[in-house]
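Here is the structure we will look at.
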Amino acid sequence: MTIELVPFTRDDLDRRLPAMTAQFAAALAENHGFSAEEAARESERQTRAMLPDGVATEGQLLCKGMAGGTEVGFLWISLPGTTFATMAWISEIEVAEEHRSHGYGGAMLRAAEADLAARGVGRVGLHVFGDNTGARRLYRRLGYRLLTQIRARPATDAAGSVTLTPMTPEEYARRLDELIATDPMVLVRERPERARERAAELGPDGLHTAVAGGRPVGWIWITKPSPARPGIGTVLYVWVDEPYRRKGLGRELMAAAEATVARHGVPQIGLFVSASSHGAQEFADRLGFPVVSEQLVKDL
749 MTIELVPFTR
759 DDLDRRLPAM
769 TAQFAAALAE
779 NHGFSAEEAA
789 RESERQTRAM
799 LPDGVATEGQ
809 LLCKGMAGGT
819 EVGFLWISLP
829 GTTFATMAWI
839 SEIEVAEEHR
849 SHGYGGAMLR
859 AAEADLAARG
869 VGRVGLHVFG
879 DNTGARRLYR
889 RLGYRLLTQI
899 RARPATDAAG
909 SVTLTPMTPE
919 EYARRLDELI
929 ATDPMVLVRE
939 RPERARERAA
949 ELGPDGLHTA
959 VAGGRPVGWI
969 WITKPSPARP
979 GIGTVLYVWV
989 DEPYRRKGLG
999 RELMAAAEAT
1009 VARHGVPQIG
1019 LFVSASSHGA
1029 QEFADRLGFP
1039 VVSEQLVKDL
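Numbered by our numbering, the letters in the sequence shown go through residues 749 to 1048 in order.
Dropping the structure here:
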């Protein structure tokens, strides 16, 4: 199947923009805890921020997918230096409803990948919401692999056997050094040298030492709801020290985090999953955390 990617005109963008922002707003409300009004504003804000000059915005490619002279969908590609410093990003892809289930989505992505490779781009990524199971299957068939996930479920205040205590500055420095040395992707998707800078932006307030039976057994990092996810308090990282593993303490740490989030009136507890964290997906599955959204990447 041959797909030609034809650049948008200003009229093409004007025609598409209302549906683009409305669809993104609906996804934000469904998956990230926005009210309908907040989601509409956030969708509009993000779209305008990414396309300040419309179709002429530097580093942004908006294209129609054409098959035999028929428009079957559209594609929005953010080149390196925009969304990410070193990789391209598929900001949006859509196949027109009447042309779905005919392979056009995959064909459009392959055409985009060929174009990016010709530009010297070595990696491309994309985001997909968890409830879009068909798209998630398609991307994996096309060779995209997991970069990160957000898992989430309603938060309840249930007592557990682990208590969380504020981390001392000395403990914070030690744990942060260990994290940056072993798994910087928890903090940054690329450019691991920025991990410490990103940790400073987040601050140490969400780091807690986990205590069970009167002794420290690990630690956890809980981030507050953010403008991107206003209804979710997210566990960025959870760690059980080696002598205390395989005793169910990881589950107990998560229960303590969930209770903390619930007591602060936050409706959902989230769990960040990095592909570089060994066993993280299996851990999230065992706890029954469904996928809210994921980022996938492919090397070209």
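All residues carry an ideal CB built from backbone N, CA and C; glycine is no exception. As the structure is a computational prediction, the values presented were derived from the model and not from experiment.
Whole-angstrom C-beta distance between residue j and residue i, which should lie under 8 Å
i, j, result
"Gly781", "Pro1015", "7 Å"
"Leu894", "Arg937", "About 12 Å; that fails the 8 Å criterion."
"Ala855", "Ile928", "Wrong, their Cβ atoms sit about 41 Å apart, outside the cutoff."
"Ser1025", "Asp925", "About 17 Å separates the two Cβ atoms, so there is no contact after all."
Those residues which DSSP pairs with residue i across a bridge
i, result
"Tyr985", "Trp969"
"Leu894", "Leu1044"
"Ala900", "Gly1018"
"Gly873", "Trp837 and Val1045"
"Lys812", "Val754 and Phe822"
"Thr795", "Beta-bridge pairing links Thr795 to no other residue."
"Thr957", "Thr913 and Trp967"
Three-state secondary structure assigned by DSSP to residue i
i, result
"Gly802", "helix"
"Thr818", "strand"
"Pro975", "coil"
"Val934", "helix"
"Pro1038", "coil"
"Phe825", "The amino acid at residue 825 is misidentified as Phe; the sequence shows Ile. The answer is strand: DSSP assigns Ile825 an E or B state."
"Ala907", "coil"
"Ile928", "helix"
"Arg963", "strand"
"Thr1008", "helix"
"Thr830", "coil"
"Pro952", "coil"
"Thr916", "coil"
Cβ-based burial, residue i [other Cβ within 10 Å; buried from 16]
i, result
"Thr834", "exposed"
"Met749", "exposed"
"Gly821", "buried"
"Glu861", "buried"
"Gly951", "exposed"
"Gln1043", "buried"
"Ala1028", "buried"
"His956", "buried"
"Ala777", "buried"
"Asp1036", "Per the sequence shown, the amino acid found at residue 1036 is Gly instead of Asp. Classification of Gly1036: exposed, given that the 10 Å Cβ count is below 16."
"Leu828", "In the sequence under discussion, the amino acid at residue 828 is Pro, which differs from the Leu named in the question. Result: buried."
Notebook entry, point to check: Taking three-plus beta-carbon pairs below 8 Å as touching, is the segment 916-927 in contact with the segment 815-825?
Noted result: no
Notebook entry, point to check: Would you call the segment 898-909 and the segment 1003-1023 in contact, with 3 or more CB pairs under 8 Å?
Noted result: Three or more Cβ pairs closer than 8 Å define a contact, and the segment 898-909 meets that threshold against the segment 1003-1023.
Check: If you pair each beta-carbon of the segment 958-966 with each one of the segment 978-985, do three or more pairs fall below 8 Å?
Finding: no
Check: Are the segment 796-815 and the segment 753-763 touching by the rule of at least three beta carbon pairs closer than 8 Å?
Finding: yes
Item checked: Cβ contact check for the segment 792-800 and the segment 989-998: 3 or more pairs under 8 Å -> The answer is no - the segment 989-998 does not touch the segment 792-800, with fewer than three Cβ pairs under 8 Å.
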